[in-house]
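The sequence shown begins at 2 in my numbering and counts up one residue at a time.
Don't be surprised by glycine CBs; every beta carbon is placed ideally from N, CA and C.
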Amino acid sequence: MSQRQLVWRALAEAGVLDSPDPKVQAWLKMVRERSDLCWGDMVEEFRTKYYDVYEKVVPALEKSDDAFIRNMLIKHADPDRPKERQLLKTLATTTDFERNVGAAQQLSELGVKEVDTVLKKRLPEGVEGLLAKQAGGDEADAKGGGKEGGGDEAAAKGGGGEAGAPEAAAKGGGGSAAGPEAEAKGGGAEASAAAAAEEGGDAGGDQPARPSRKGRL
């Protein structure tokens, strides 16, 4: 699923596409018609003309557990704005850092007191500790895989012995032989309306590389 579809699906699942609020519908119409705008430009357009429907739009994206969406929210959030500062605190509280280390890294670099307080509680050893923990887990998994491989080899050797038994029984004269994607509401045309989520059109993935903070949400 593309970045646009991910964002559009999050809006659809939260009921934003069916909102009776004329201002929300005006914003959705603008998003559909301005598919040329990147995420940063769309954010500024939203702040300038549609910020009064913030509570009806942004929480729908914040509730998504998609790593790309969460990382884009963190990247473009303006901590000098109270609503967006609270958004950062919420993301610091609810993001699964073991699945999304990039979010932890971005949040730790913001220097926002409320966010740092949450991170210290959730990551007492810091982001470095989280990375070390994950590296250790990967190493343990690799070793475990080697042991399983050895077990398979031993089983294969045992199988050879079993294969020899019927042969021996046959020589003795009395033996016997052994015996398988849902689209977001609105289809492709509306999916393209989520170009607001595009940052250059090619970034994405579950663990996007840590982006720079050139723009704000």
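Would you mind reading off the limits of the alpha helix (DSSP H) that contains residue i?
i	result
Gly-16	Taken as a continuous stretch (DSSP letters only), Gly-16 belongs to no alpha helix (DSSP H), as it is neither H nor E.
Arg-35	Counting along the chain, Arg-35 falls outside any alpha helix (DSSP H), and DSSP gives it neither H nor E.
Lys-121	114 to 123
Ser-109	102 to 109
Arg-86	83 to 95
Ala-78	First-last for Ala-78: undefined, no H or E at that position.
Val-54	No alpha helix (DSSP H) holds Val-54; DSSP gives it neither H nor E.
Would the beta-carbon of residue i fall within 8 Å of that of residue j?
i	j	result
Leu-111	Pro-60	no
Ile-70	Leu-89	no
Val-116	Ala-93	yes
Lys-24	Tyr-55	no
Val-102	Leu-132	yes
Arg-100	Ala-68	yes
Arg-86	Val-113	yes
Leu-29	Leu-38	no
Glu-65	Ala-11	The amino acid at residue 65 is misidentified as Glu; the sequence shows Ser. Yes, Cβ-Cβ distance for Ser-65 and Ala-11 is below 8 Å.
In terms of alpha-carbon separation, which member of the options lies closest to residue i?
i	options	result
Phe-98	Arg-82, Glu-129, Leu-88	Glu-129
Glu-45	Gln-6, Gly-103, His-77	His-77
Lys-50	Asn-72, Phe-69, Ser-36, Gln-26	Gln-26
Leu-7	Met-31, Tyr-52, Gly-41, Glu-63	Glu-63
Arg-5	Ser-20, Asp-22, Met-43	Met-43
Gln-107	Asn-72, Gly-16, Ser-65, Glu-34	Asn-72
Met-31	Ser-20, Phe-47, Lys-122, Gly-41	Phe-47
Ser-36	Asp-22, Asp-53, Ala-15, Trp-9	Trp-9
Asp-22	Gly-41, Val-119, Asp-53, Glu-14	Asp-53
For the ligand GDP, is there any heavy atom lying closer than 7 Å to the beta carbon of residue i?
i	result
Thr-49	Absence of the ligand GDP from the depicted structure is noted, as is the absence of any ligand whatsoever, leaving it without description.
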